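Let me begin by presenting the structure, written as structure tokens, before commenting on it.
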Amino acid sequence: MEVLAYSNFRQNLRSYMKQVNEDAETLVVSSKDVEDTVVVLSKRDYDSMKKTLRTLSYNSVMEKIRRRDEQGNKSNIKKD
7 MEVLAYSNFR QNLRSYMKQV NEDAETLVVS SKDVEDTVVV LSKRDYDSMK KTLRTLSYNS
67 VMEKIRRRDE QGNKSNIKKD
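Position one of the sequence shown corresponds to residue 7 (this note's numbering), numbered consecutively onward.
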């Protein structure tokens, strides 16, 4: 994750947007005030994260994932 000063990001906005989209790169843009620091990522990556969070928020889906994981762990245990 690359960290950039706000002024540098602003001056080269187009190239950084291209970098974020083409390389799936995430950028941190900082300023003098830490509260104003932001993370820049592609819309594709953002949408993917939102979908993952939405899926993980459904208890029924998470329970199915846990059960499958437990079943997978049990089948990998070798008995002598």
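We put the beta carbon where it would ideally sit given N, CA and C, even for glycine. Here the structure is a predicted model, which is why all the values come from computation and not from measurement.
On the DSSP bridge list, what partners appear for residue i?
i, result
"VAL9", "VAL34"
How many whole angstroms separate the CB atoms of residue i and residue j, which I take to be in contact at a CB cut-off of 8 Å?
i, j, result
"VAL34", "VAL26", "The Cβ separation is near 11 Å, so there is no contact."
"TYR12", "SER37", "4 Å"
"ASP51", "ALA30", "6 Å"
"MET90", "LEU62", "For the chain, the structure presents residues 7 to 86; residue 90 sits outside this window and is missing."
Start and end of the alpha helix (DSSP H) containing residue i?
i, result
"VAL40", "Premise fails: VAL40 is in no alpha helix (DSSP H) and is neither H nor E."
"ASN27", "19-29"
So, is residue i buried or exposed, given that buried needs 16 or more other C-beta atoms within 10 angstroms?
i, result
"TYR64", "exposed"
### Contiguous alpha helix (DSSP H) assignments of at least 4 residues, all confined to the segment 50-83
65-81
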